[in-house]
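For what it's worth, full-length UniProt numbering labels the leading residue of the sequence shown as 1, then goes sequentially. Ideal placement from N, C-alpha and C gives every residue a C-beta, glycine not left out. Beneath this line is the structure, given in structure tokens, with notes to follow.
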Amino acid sequence: MDKLMGMNKEHEVKRACFHDFWIETSDSGSHMCHFDSHGRLVVKVVNDSRPLVQKIVESFLNKFFPSGYPYSVNEGYLTYTQFRALQHFSSAALSVLSTQSVLFAAGLRPSPAQATAVSWILKDGMQHAGKIICSSMGARMDSEPKSWRIFADLLYDLGTGLEVLSPLCPQLFLEFAGLGNFAKGMAVVAARATRLPIYSSFAKEGNLSDLYAKGEAISTLFNVVGLGAGIQLASTVCSTMQGKLIVAPLLSALHLYSVLEEVRAAPVNTLNPQRTAMIVADFLKTGRVPTPADLRYREKLLFPDRVIEEAGSVIIGQPFRKVVKNPSKLEEWRALFPDEKYLIHRKIKHSEMMLENSASGEDALRGWLVAAFAADKALIGLSELDVLVAAHRKMEKVFPCFLSEVKARGWHTDQFLDGNGSRLLAMANSGTTYRYPLYRTLTPIRLPLLTSPALQICTTSRRCASPAPHS
Numbered sequence: 001m002d003k004l005m006g007m008n009k010e011h012e013v014k015r016a017c018f019h020d021f022w023i024e025t026s027d028s029g030s031h032m033c034h035f036d037s038h039g040r041l042v043v044k045v046v047n048d049s050r051p052l053v054q055k056i057v058e059s060f061l062n063k064f065f066p067s068g069y070p071y072s073v074n075e076g077y078l079t080y081t082q083f084r085a086l087q088h089f090s091s092a093a094l095s096v097l098s099t100q101s102v103l104f105a106a107g108l109r110p111s112p113a114q115a116t117a118v119s120w121i122l123k124d125g126m127q128h129a130g131k132i133i134c135s136s137m138g139a140r141m142d143s144e145p146k147s148w149r150i151f152a153d154l155l156y157d158l159g160t161g162l163e164v165l166s167p168l169c170p171q172l173f174l175e176f177a178g179l180g181n182f183a184k185g186m187a188v189v190a191a192r193a194t195r196l197p198i199y200s201s202f203a204k205e206g207n208l209s210d211l212y213a214k215g216e217a218i219s220t221l222f223n224v225v226g227l228g229a230g231i232q233l234a235s236t237v238c239s240t241m242q243g244k245l246i247v248a249p250l251l252s253a254l255h256l257y258s259v260l261e262e263v264r265a266a267p268v269n270t271l272n273p274q275r276t277a278m279i280v281a282d283f284l285k286t287g288r289v290p291t292p293a294d295l296r297y298r299e300k301l302l303f304p305d306r307v308i309e310e311a312g313s314v315i316i317g318q319p320f321r322k323v324v325k326n327p328s329k330l331e332e333w334r335a336l337f338p339d340e341k342y343l344i345h346r347k348i349k350h351s352e353m354m355l356e357n358s359a360s361g362e363d364a365l366r367g368w369l370v371a372a373f374a375a376d377k378a379l380i381g382l383s384e385l386d387v388l389v390a391a392h393r394k395m396e397k398v399f400p401c402f403l404s405e406v407k408a409r410g411w412h413t414d415q416f417l418d419g420n421g422s423r424l425l426a427m428a429n430s431g432t433t434y435r436y437p438l439y440r441t442l443t444p445i446r447l448p449l450l451t452s453p454a455l456q457i458c459t460t461s462r463r464c465a466s467p468a469p470h471s
């Protein structure tokens with residue numbers, strides 16, 4: 001009896017399972033799958049009752065936007081994509097006009113279609129020299145990808161403009177074409193090098209490859225559309241030089257405006273000098289840390305090296321010989337703060353900071369906070385060293401909370417991208433490598449505004465001792 005009941009229960013479970021179904025979706029459509037009463041898999045195509053317009057829109061999104069959009073990307077991706085499409089459209093149309101002009105200057109009279117085909121050949125030559133020169137500036141592009149992206153398109157339009165103007169000086173055809181391709185070669189390297197940091201800022205679910213692939217698909221699509229528009233313009237309005245001189249500047253203006261709005265929409269979340277200063281300034285003024293999306297429209301893209309007074313007016317990456325002109329300053333700093341990976345020199349209107357080669361984004365944040373606190377007018381009258389000691393102690397009190405908030409707001413603190421600024425390396429002496437080359441014993445320092453005995457620097461403290469050698 002028990003055996004019979006067990007068989008009936010098993011049959012009921014199987015029968016229940018046979019009625020289960022699931023739906024699989026893909027780019028080609030949706031399929032409903034289930035098992036029939038005999039345990040065989042049955043697959044049916046789910047009829048799509050959506051309106052035709054909705055089908056087209058969703059098909060476009062599937063092909064040109066990352067999977068899971070808009071929930072799989074960070075804020076601003078749609079704005080970035082819209083202006084990126086407009087940028088590629090105007091750039092492609094402008095390239096047709098410039099190529100046609102170059103061939104006119106060379107004595108040819110090509111059709112617009114021929115100009116489009118030959119444009120691929122004219123990218124060689126001087127363009128390679130431009131690529132080689134620009135490739136040496138990769139570290140600067142990591143630090144300021146937005147600024148270099150704008151610079152890349154400015155160079156591209158400069159090169160294109162020289163090509164458009166070449167028929168006016170046919171005797172200088174080689175010079176115009178060479179300089180134009182040289183500028184465009186630099187533009188190609190800068191544009192490609194800054195593409196990945198910008199895409200990375202939108203990645204939200206480890207989907208960087210998907211973002212990159214869909215972004216390039218959009219670029220290709222609108223490049224083709226732009227080439228078609230350029231051919232049409234070259235056949236009509238721009239068939240004369242006067243037409244080119246009117247339309248080309250308009251396309252260039254549209255191109256540069258698009259790339260400006262495109263990069264402004266990107267919430268880059270790495271630390272560089274400008275973003276670090278803005279984070280510190282906001283924290284000191286409001287007590288909160290801004291997100292990458294909060295800062296994206298506040299960044300200065302054309303002149304990013306500005307100093308921010310509220311963050312201590314820090315200038316970073318100066319040569320060591322300019323930061324430390326007196327060896328005793330370095331000795332005093334290293335004796336007081338042997339664990340810090342930055343060096344600060346206070347001046348009247350700004351602070352100069354130099355990082356060690358192994359310094360991370362956290363070290364840069366520590367240094368910026370010290371510089372900002374050192375600029376407090378309440379410390380006027382103290383010696384430079386006393387000011388830095390007071391500022392360092394204040395930094396130590398707020399830094400744990402500040403750092404946790406920085407990370408929680410989405411900033412990457414594992415590295416600091418300062419471009420090609422100078423950094424301090426370890427020094428070697430008599431075959432032994434020391435992290436800090438200069439030390440000396442200090443007498444106790446009493447701070448007028450900080451009278452607690454705990455705030456005195458003792459000569460017997462381990463922090464004042466010479467460091468252990470590192471092999």
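Once you ignore the five residues that flank residue i on each side, which residues in its own chain have a CB closer than 8 angstroms to its CB?
i, result
"Lys184", "Lys123, Gln127, Gly130, Leu155, Tyr156, Gly159, Thr160"
"Phe399", "Leu365, Arg366, Leu369"
"Ser358", "Lys341"
"Ile150", "Leu256, Val259, Leu260, Val263, Leu301, Leu302"
Please classify residue i as buried or exposed, where buried requires at least 16 neighbouring CB atoms within 10 angstroms.
i, result
"Leu211", "buried"
"Gly230", "buried"
"Pro170", "exposed"
"Ser404", "exposed"
"Asp339", "exposed"
"Ala311", "buried"
"Ala213", "exposed"
"Ile344", "buried"
"Pro51", "exposed"
Can you give me the C-alpha to C-alpha distance between residue i and residue j, rounded to a whole angstrom?
i, j, result
"Arg296", "Glu75", "10 angstroms"
"Ser313", "Ala266", "26 angstroms"
"Glu309", "Met353", "14 angstroms"
"Asn272", "Lys349", "21 angstroms"
"Ile198", "Gly215", "11 angstroms"
"Ser252", "Ala390", "53 angstroms"
"Gly228", "Leu221", "11 angstroms"
"Ile132", "Ala139", "14 angstroms"
"Ser136", "Val189", "10 angstroms"
"Phe283", "Ala191", "33 angstroms"
"Gln54", "Val43", "25 angstroms"
"Leu379", "Arg298", "30 angstroms"
Contact defined as beta carbons within less than 8 angstroms: I believe residue i pairs with residue j. What is the distance between those atoms, to the nearest angstrom?
i, j, result
"Arg346", "Glu384", "5 angstroms"
"Ser90", "Gly226", "7 angstroms"
"Leu365", "Thr413", "7 angstroms"
"Ser166", "Ser101", "6 angstroms"
"Asn207", "Ser72", "6 angstroms"
"Asp386", "Ile316", "That pair is no contact at about 23 angstroms."
"Ala152", "Ala187", "4 angstroms"
"Ala248", "Val164", "5 angstroms"
Whose C-alpha, out of the options, is nearest the C-alpha of residue i?
i, options, result
"Pro319", "Phe337, Glu356, Ile380", "Glu356"
"Met278", "Val259, Val263, Lys300, Ala213", "Lys300"
"Ala193", "Val307, Lys146, Lys349, Leu336", "Lys146"
"Phe65", "Thr81, Val53, Pro51, Arg50", "Thr81"
"Leu179", "Ala85, Leu162, Phe283", "Leu162"
"Arg195", "Thr236, Phe416, Val263, Ile344", "Val263"
"Tyr77", "Phe202, Ala359, Ser143", "Phe202"
"Leu254", "Val46, Thr79, Leu86, Arg149", "Leu86"
"Thr99", "Val268, Lys44, Leu233, Lys55", "Leu233"
"Gly361", "Tyr69, Lys407, Ala374, Val53", "Lys407"
"Lys397", "Phe104, Phe373, Ala105, Thr79", "Phe373"
By Cβ distance, which residues of its chain are closer than 6 angstroms to residue i, with the 5 residues on each side in sequence left out?
i, result
"Val324", "Leu330"
"Arg84", "Glu262"
"Pro304", "Glu144, Ser147, Gln274"
"Trp120", "Caution applies to Trp120, whose pLDDT of 46 falls short of 50 and renders its modelled position unreliable; the value that the coordinates give is listed next. Contacts found: none."
"Asp142", "Leu417"
Got a sec? Which residues, its chain only, sit under 7 angstroms from residue i by beta carbon, not counting five neighbours each side?
i, result
"Ala428", "Confidence at Ala428 is low in this model, with a pLDDT of 37, below 50, so its placement is unreliable and the value that follows should be read with caution. Here the set comprises nothing."
"Val307", "Ser313, Val314, Ile315, His350"
"Cys238", "Leu97, Lys244, Val247"
"residue 473", "Beyond the ends of the chain as shown, which are 1 and 471, falls residue 473; an answer cannot be given."
Would you say the beta carbon of residue i is closer than 8 angstroms to some non-hydrogen atom of the ligand MG?
i, result
"Ser37", "Absence of the ligand MG is noted for the structure shown, with no ligands found whatsoever."
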